[in-house]
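Peer 1: Chains A and B are the protein sequences, given in the same order.
The first sequence maps to residues 0 to 102 in numbering that gives the first Met the number 0.
The second sequence maps to residues 0 to 227 in numbering that gives the first Met the number 0.
Each residue gets a CB set at the ideal place from its N, CA and C atoms; glycine is no exception.
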Amino acid sequence: MMILLLIMGMGCVTFLLRLSFISVAGKTSMPQWLQRCLQFVPIAVLMAIIVPDLIYQQHHYQLLNNNERLIAGLVAALVAWKTNNVLLTIGTGMGLLWLLQSL
Amino acid sequence: MHSISATFRAGIRAFLPIAVGIIPFALISGIAAMSVGLSIPQAIAMSMIVFAGSAQLVAMQLLAEHTPVLLIILTTLIINLRFVMYSASLADHLAQLKQRWKWLSAYLLTDQAYALAISLYQRKPQMRYKPWFYLGAAISMWITWQIGAVVGMLVGQQFPASWQLDFTIPLTFIALAMPAIKNRRLAAVALGAAIMAGATAMLPYKLGLVLSVLVGVGLGLYLEGRQA
Numbered sequence: 000m001m002i003l004l005l006i007m008g009m010g011c012v013t014f015l016l017r018l019s020f021i022s023v024a025g026k027t028s029m030p031q032w033l034q035r036c037l038q039f040v041p042i043a044v045l046m047a048i049i050v051p052d053l054i055y056q057q058h059h060y061q062l063l064n065n066n067e068r069l070i071a072g073l074v075a076a077l078v079a080w081k082t083n084n085v086l087l088t089i090g091t092g093m094g095l096l097w098l099l100q101s102l
Numbered sequence: 000m001h002s003i004s005a006t007f008r009a010g011i012r013a014f015l016p017i018a019v020g021i022i023p024f025a026l027i028s029g030i031a032a033m034s035v036g037l038s039i040p041q042a043i044a045m046s047m048i049v050f051a052g053s054a055q056l057v058a059m060q061l062l063a064e065h066t067p068v069l070l071i072i073l074t075t076l077i078i079n080l081r082f083v084m085y086s087a088s089l090a091d092h093l094a095q096l097k098q099r100w101k102w103l104s105a106y107l108l109t110d111q112a113y114a115l116a117i118s119l120y121q122r123k124p125q126m127r128y129k130p131w132f133y134l135g136a137a138i139s140m141w142i143t144w145q146i147g148a149v150v151g152m153l154v155g156q157q158f159p160a161s162w163q164l165d166f167t168i169p170l171t172f173i174a175l176a177m178p179a180i181k182n183r184r185l186a187a188v189a190l191g192a193a194i195m196a197g198a199t200a201m202l203p204y205k206l207g208l209v210l211s212v213l214v215g216v217g218l219g220l221y222l223e224g225r226q227a
């Protein structure tokens, strides 16, 4: 029962957030200031998801020494920048992670 | 992309390379649901109704720590606040859809579907049938996610943790982020958000994500204002 309540609650909240602006599109146009803000949102969100994954593990900061994920992630970023290739980026990152951990 | 169906298929094709990064994430969501003691029907219901990977994973963690339901829902709200920004960013591109298709589009909104669609719309602002590219990518994402989650529930526990397949998640985001840095201002925004995200990584409930986005956007507006 509690689980069902949790699922419904999480589902409602998530759906309403997703629907917010999509539902009124075409009836009200988005304010200018919001549009200006939004051009910066995608890259900021991506960085905010990536960086903690690479440098903060098991409740501790892990810098370059002894952090295979950070090294693999930085090399993958270089590959992504040079090639724009998603599969190659993921392949390089995973391959390097496994290699570094087997050393 | 001369027709609705061709545009829809283009959306599916754009999603395919990303699927490699999604499947492990979906598998992990299924495994996590089992590990905190959900039944398979409960786990499937959560995957279908909530359909938000990071929020689900955090919810599992909190559930295992016996966190009150209301607090888990509040955490979901914070983690998923970014969907409001995506929703606003996509709204005009989906404006031509009928209301019930907008509801479907909203339900299907994810980081990946958003990133794929918006990057195409930025490159081709004049394209026709815009919503159908988004729907192609978003529906592919949904199907991949649900299958991955169910497989994760059934057999995922067999994967050795030493494979660290969860690392494909940040790698996917890295692959999406780098091409999005198209000028110096965006590079400064990325750097500002990255530094803030690093500095706030220890904050609970993914608060650091919201703070980092605020810093990144603030920096972008400041640089834009100074140039104008």
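Under the criterion of a Cβ to heavy atom distance below 8 Å, does B:P203 qualify as lining the ligand FMN?
Peer 2: Here there are no bound small molecules, and the ligand FMN is not part of this structure.
Peer 1: Where does the unbroken alpha helix (DSSP H) through A:S19 begin, and where does it stop?
Peer 2: M1 to I21 is the span of the alpha helix (DSSP H), which, as asked, contains A:S19.
Peer 1: On a CA-only basis, which of B:T109, B:Q125, B:A136 and B:I39 is nearest B:R8? Give me that one, please.
Peer 2: Of B:T109, B:Q125, B:A136 and B:I39, the residue nearest in Cα terms is B:A136.
Peer 1: State the start and end residues of the unbroken alpha helix (DSSP H) segment that holds B:G36.
Peer 2: It is not in any alpha helix (DSSP H) - B:G36 carries neither H nor E in the DSSP assignment.
Peer 1: Pull up the CB-CB distance for B:A58 and A:M9, whole angstroms please, since I reckon it's below 8 Å.
Peer 2: The Cβ separation is near 6 Å, so the contact holds.
Peer 1: DSSP on B:H92, reduced to helix/strand/coil?
Peer 2: It is helical.
Peer 1: Quick one: is A:N84 near chain B, going by C-beta distance under 9 Å?
Peer 2: Chain B, which has a Cβ nearer than 9 Å to the Cβ of A:N84, makes this yes.
Peer 1: Applying the criterion that 16 or more other CB atoms from any shown protein chain within 10 Å of the CB defines a buried residue, is B:M201 buried or exposed?
Peer 2: Flag for B:M201 reads exposed.
Peer 1: For B:R99 and B:W131, I'd like the C-alpha separation in whole angstroms.
Peer 2: Whole-angstrom Cα-Cα distance: 14 Å.
Peer 1: Give the residues of chain A in contact with B:G20, contact being defined as C-beta atoms less than 8 Å apart.
Peer 2: The contacting residues are V85 and I89.
Peer 1: In chain order, what residues of the same chain have a beta carbon less than 8 Å from the beta carbon of A:W97, not counting five sequence neighbours either side?
Peer 2: Correct list: empty, nothing qualifies.
Peer 1: Could you work out which residue in B:A179, B:P23, B:G29 and B:Y113 is closest to B:L153 when comparing CA atoms only?
Peer 2: The shortest C-alpha separation from B:L153 is found at B:G29.
Peer 1: Determine contact between the segment 80-98 of chain A and the segment 80-92 of chain B, defined as no fewer than three beta-carbon pairs at a distance below 8 Å.
Peer 2: Not touching, per the Cβ criterion.
Peer 1: Going along chain A in order, which residues have a C-beta closer than 9 Å to the C-beta of B:K97?
Peer 2: Result: empty, since nearest Cβ-Cβ is about 11 Å, beyond 9 Å.
Peer 1: Would you give the residue range spanned by the alpha helix (DSSP H) that B:A196 belongs to?
Peer 2: Per DSSP, B:A196 belongs to the alpha helix (DSSP H) from R183 to A198.
Peer 1: Going by the CB atoms, is the gap between B:A174 and A:A43 shorter than 9 Å?
Peer 2: No, the Cβ-Cβ distance between A:A43 and B:A174 is not below 9 Å.
Peer 1: Please state whether the Cβ-Cβ distance between B:I11 and B:L56 is less than 9 Å.
Peer 2: Their beta carbons are not under 9 Å apart, which means B:I11 does not touch B:L56 by this criterion.
Peer 1: Cα separation between A:L37 and B:V212?
Peer 2: Between A:L37 and B:V212, the C-alpha separation is close to 10 Å.
Peer 1: Taking only three categories from DSSP, how would you classify B:Q145?
Peer 2: Three-state result, B:Q145: helix.
Peer 1: Check distances from the C-beta atoms of the segment 0-11 of chain A to those of chain B and list, in chain order, the residues that come in under 9 Å.
Peer 2: Hits within the stretch, in order: M1, I2, L3, L4, L5, I6, M7, G8, M9, G10 and C11.
Peer 1: Could you check how far apart the C-beta atoms of A:A47 and B:A179 are, in whole angstroms? I think they sit under 8 Å.
Peer 2: About 13 Å separates the two Cβ atoms, so there is no contact after all.
Peer 1: Could you name the residues that DSSP lists as bridge partners for A:H59?
Peer 2: Paired residue(s): A:Q56.
Peer 1: Of all the options B:L80, B:A42, B:A51 and B:G36, which has the alpha carbon lying nearest to the alpha carbon of B:E64?
Peer 2: That would be B:G36, whose Cα lies nearest to the Cα of B:E64.
Peer 1: Can you check whether the CB of A:R68 is closer than 9 Å to the CB of A:Q57?
Peer 2: No, Cβ-Cβ distance for A:Q57 and A:R68 is not below 9 Å.
Peer 1: Starting from B:E223, follow the alpha helix (DSSP H) in both directions and report where the run begins and ends.
Peer 2: Segment L206 to Q226, the alpha helix (DSSP H) holding B:E223.
Peer 1: Using a Cβ-Cβ distance cut-off of 9 Å, determine whether A:Q31 contacts chain B.
Peer 2: It does not: the Cβ of A:Q31 has no partner Cβ on chain B nearer than 9 Å.
Peer 1: What are the residues in the segment 165-183 of chain B lying within 8 Å of chain A by C-beta distance?
Peer 2: Of all residues in the segment 165-183 of chain B, F166, T167, I168, P169, L170, T171, F172, I173, A174, L175, A176, M177, P178, A179 and I180 have a Cβ within less than 8 Å of some Cβ in chain A.
Peer 1: Just checking, does the segment 10-25 of chain B make contact with the segment 133-149 of chain B on the three C-beta pairs under 8 Å criterion?
Peer 2: Touching, yes, given that three or more Cβ pairs across the two stretches are closer than 8 Å.
Peer 1: Figure out for me which residue from B:R184, B:V209, B:V149 and B:L210 has the closest Cα to the Cα of B:R31.
Peer 2: The sequence as given places Ala at residue 31 of chain B; Arg does not occur at that position. Of the candidates B:R184, B:V209, B:V149 and B:L210, the one whose C-alpha sits nearest the C-alpha of B:A31 is B:V149.
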